[in-house]
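This report concerns only the one structure given below.
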Amino acid sequence: MKNGTTHLFVPGPTNIPDAVRRAMNVSMQDMRAPDYPELTLPLFADLKKVFKTEAGTVFIYPGSGTGAWEAAISNTLNRGDRVLMSRFGQFSHLWVDMAQRLGLKVDCIDVEWGEGIPVEEYQRRLSDDKHGRIKAVFATHNETATGVTSDVAGVRTALDAAGHGALLFVDGVSSIGSIDFRMDEWGVDLAVTGSQKGLMLPAGLGILAVSEKALEAHKQSRMERCYFSFEDMKASSSTGFFPYTPPTQLLHGLRASLDLIFAEGLDNIIARHHRLAEGVRRGVHAWGLRLCAKEEKWWSNTVSAIVVPDDIDARHVIANGYSRYRTSFGAGLSRVAGRVFRIGHLGDLNEVMCLAALASAEMSLRDAGAKVEAGSGVAAAQEWYRAEVTGNLQPQQDRAA
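Heads up, the sequence shown is in our numbering, so the first residue is 1114 and it goes up one at a time.
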């Protein structure tokens, strides 16, 4: 059926609100005009509120979250520096790969996919590092490939307990603006996000928040950089300009997106994402299936990675959803390819949209041969969504675990 809306339930790019799309439909303007900072300077200030930082500096790079990753590394570290990382999904793996390719010596802790940052092991290694050879600790806040959210505050506690002065890097691409994140309170030094997730924009902006400590570290960094240079970016952005051509239409969209965020309230957005995610999880459990995330403490409020039965190929579920029901689900990546499909539930989203995702997933699973009772997941989510936010319903345990 070619009529109606195509449903997008990948964990980014996310649905773009109409107000944001309309805001981007503007004529091109002079990026060197004297009134251009009237658009840009408030963006830098308001993004600090989303990162929950007062002391930090925000840079907006034309690019992706991956570009902001590279900016964070190349501006604060040196080739040969030792860093502590963990790998438990495709995106934490890609961050390790980038660090190695940029010449860092990576102490990588491999964790089972479905778990998150091993905070206790981080603390042990940091405590053993008596001479401060570890220059940075990396934390993937929300591993999109497996639907796992990790404890960034716990990583800061581990650093403090070890009395260690390493920089704390956080990948917040699929968490910032949707899941609780507190840059200053958690002592994060470099936090990365992108425009296409919780900020509800097209891809094209890599956004990086940098602490004063990280800016000091930058003075000692000799790694090669040009496009991502903090020096060039800071000199221009402090006056509301860019060292190269900015994506002006995206900046207008960002203005509209931030207005929507502040109108709803960031804390309300975080609560909404939990409520919507819990409904999806209840639907999954009603099917008799389980999440890739091994324990409730890892469950993500922006994406659920759903493990299909052993005799089912998740790729067939995804293909059915797209070809028969005009619904896009996220694919399983790398070692979980064919084993999971993902429902993204972040950004501009409400209860009925999540019910549509579950309905399409149920049909797609049944078409692929899964023994799922029709309507079971939708009904479970409906009952959760009908309950008051302050009601007595409690998150379910993973019954199929």
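Cβ coordinates follow ideal geometry from the N, Cα and C atoms, glycine included.
Under 8 Å between C-beta atoms of residue i and residue j
i, j, result
"Phe-1355", "Met-1211", "no"
"Gly-1307", "Gly-1319", "yes"
"Ala-1249", "Ala-1279", "yes"
"Ser-1477", "Val-1430", "yes"
"Leu-1156", "Arg-1368", "yes"
"Val-1519", "Gly-1178", "The question about residue 1519 has no answer here: the residues shown for the chain are numbered 1114 through 1514."
"Met-1313", "Ile-1173", "no"
"Ile-1456", "Ala-1474", "yes"
"Lys-1310", "Thr-1118", "no"
"Asn-1255", "Ser-1351", "no"
"Val-1485", "Arg-1452", "no"
"Thr-1153", "Gly-1353", "yes"
"Glu-1234", "Ile-1222", "yes"
"Val-1305", "Leu-1321", "yes"
"Gly-1276", "Ala-1406", "no"
"Asp-1220", "Arg-1192", "no"
"Leu-1462", "Gly-1490", "no"
"Ile-1383", "Asp-1293", "yes"
"Val-1133", "Ser-1288", "no"
"Leu-1373", "Met-1137", "no"
"Ala-1500", "Gly-1396", "no"
"Gly-1460", "Val-1123", "no"
"Leu-1215", "Ser-1334", "no"
"Pro-1360", "Gly-1300", "no"
"Thr-1170", "Lys-1326", "no"
Residue i, DSSP secondary structure in three states
i, result
"Val-1133", "helix"
"Arg-1437", "helix"
"Met-1144", "coil"
"Trp-1208", "helix"
"Trp-1182", "helix"
"Thr-1306", "strand"
"Ala-1513", "Caution applies to Ala-1513, whose pLDDT of 42 falls short of 50 and renders its modelled position unreliable; the value that the coordinates give is listed next. It is coil, neither helix nor strand."
"Pro-1175", "strand"
"Thr-1503", "Low confidence applies to Thr-1503: its pLDDT is 47, below 50, so where it sits in the model is not reliable, and the reading given next is rough at best. Looking at Thr-1503 - three-state DSSP - the assignment turns out to be coil, as it is neither helix nor strand."
"His-1458", "coil"
"Asp-1220", "strand"
"Thr-1358", "coil"
"Phe-1201", "coil"
"Phe-1122", "strand"
"Val-1196", "strand"
"Thr-1153", "helix"
"Thr-1170", "strand"
"Gly-1366", "helix"
"Met-1296", "coil"
"Glu-1496", "helix"
"Leu-1190", "coil"
"Val-1139", "coil"
"Glu-1486", "coil"
"Leu-1215", "coil"
"Lys-1165", "coil"
Same chain, Cβ closer than 8 Å to residue i, neighbours up to 5 away in sequence not counted
i, result
"Thr-1358", "Met-1144 and Pro-1175"
"Thr-1503", "The pLDDT assigned to Thr-1503 is 47, lower than 50, so where the model puts this residue is not dependable; a value taken from the coordinates is nonetheless given after this. Result list for Thr-1503: empty, nothing under 8 Å."
"Ala-1469", "His-1120 and Thr-1440"
"Phe-1343", "Phe-1172, Ala-1184, Asn-1188, Val-1323, Leu-1328 and His-1331"
"His-1387", "Asn-1414"
"Ser-1349", "Phe-1355 and Pro-1356"
Same chain only: Cβ atoms within 7 Å of residue i, ignoring 5 sequence neighbours per side
i, result
"Ala-1513", "With a pLDDT of 42 at Ala-1513, under the threshold of 50, the modelled position of this residue cannot be trusted; read the value that follows with caution. Correct list, in chain order: His-1398, Gly-1401, Leu-1402 and Arg-1403."
"Gln-1203", "Ala-1258, Leu-1446 and Ser-1447"
"Ala-1487", "Glu-1475 and Arg-1479"
"Ala-1427", "Val-1421, Gly-1445, Gly-1451, Arg-1452, Val-1453 and Phe-1454"
"Trp-1497", "Glu-1391, Gly-1392, Arg-1395 and Leu-1506"
"Gln-1236", "Ala-1271, Ala-1274 and Ala-1275"
"Tyr-1438", "Ser-1473, Met-1476 and Ser-1477"
Contact set for residue i: own chain, Cβ-Cβ below 6 Å, skip 5 residues either direction
i, result
"Ala-1252", "Ile-1230, Val-1265, Val-1268 and Val-1283"
"Val-1224", "Ser-1199, Phe-1201 and Pro-1231"
"His-1194", "According to the sequence displayed, residue 1194 carries Asp and not His. Only Leu-1217 and Lys-1248 meet the Cβ criterion."
Q: Within the region 1222-1287, note down every full alpha helix (DSSP H) run reaching 4 residues or more, in order along the chain.
A: 1232-1241 and 1265-1274
Q. Which ranges would you report for the alpha helix (DSSP H) in the region 1317-1348 if only whole runs of at least 4 residues count?
A. 1325-1331
Q.
With three or more beta-carbon pairs closer than 8 Å as the criterion, would you say the region 1155-1163 touches the region 1185-1193?
A. no
Q: Enumerate, from N- to C-terminal direction, the unbroken beta strand (DSSP E) stretches of 3 or more residues contained entirely within the region 1371-1453.
A: 1416-1420 and 1440-1444
Q.
Three or more C-beta pairs under 8 Å: does that hold for the region 1383-1393 against the region 1191-1204?
A. no
Q: Taking 8 Å as the threshold, find out whether the region 1225-1236 comes into contact with the region 1258-1267 through three or more Cβ pairs.
A: yes
**Q.** Inter-stretch contact (C-beta, 8 Å, three-pair minimum) for the region 1481-1491 and the region 1145-1155
**A.** no
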